[in-house]
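Contents: one structure, followed by commentary.
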Amino acid sequence: MFDHKNIDGIEILKEKIPSELQYWHFFGNIEEMHYCSRAIDEFYCDYTNTITMLLTNSDKRYRIELNLYNIRGDLHFDMANGFFSGFTIDEFSTSASDNHFHLYSCEQDIGFDLYCEKIRAVLKE
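Numbering (full-length UniProt numbering), first residue to last: 1 to 125.
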């Protein structure tokens, strides 16, 4: 369920998306995905990775742009259909780490195992 306190924009998703669809596994279609790595401090060779995904439900009525910041982990999937299922986001309560969120898929044929510091969700009209 969209039961996360620290995802930016989650309250708008809760207001606009019907409660029966407020589970991440219903948004298993990836329409777009962008990866970016940018320098934060060139002197120390410090950089951050970001991924932006446009997710839709099966009838493509609802579209969510999910922005993941300061990511680590593995991401690979079958390029034939751009579909993954069993998508889950876990939120960690400890703030001692940069890895506040864990995103993964329960399916065996999809390698989706990411950790990130921040998530921003935007409902696209």
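Built from N, CA and C at the ideal position, the CB exists for glycine as well. This one's a predicted model, so the numbers in the text were calculated from it and none came from an experiment.
- Bounds of any alpha helix (DSSP H) do not take in Glu-125, whose DSSP letter is neither H nor E.
- Leaving aside the five residues that flank Leu-103 on each side, the residues in its chain whose CB is nearer than 6 angstroms to its CB run, in chain order, Ile-89, Leu-114.
- By the Cβ neighbour-count rule, Ala-121 is buried, with 16 or more other Cβ atoms within 10 Å of its own.
- Boundaries of the alpha helix (DSSP H) harbouring Ile-12: 10-16, taken from the DSSP string.
- The beta-carbon separation of Cys-116 and Ile-71, rounded to 4 angstroms, stays under the 8 angstroms limit for a contact.
- Nearest to Glu-15 by alpha-carbon distance, out of Asn-6, His-25, Phe-2, is Phe-2.
- CA-CA distance, His-76 to Arg-61, rounds to 26 angstroms.
- By the 16-neighbour rule on beta-carbons within 10 angstroms, Ser-105 is buried.
- Per DSSP, the continuous beta strand (DSSP E) segment holding Ile-89 begins and ends at 87-91.
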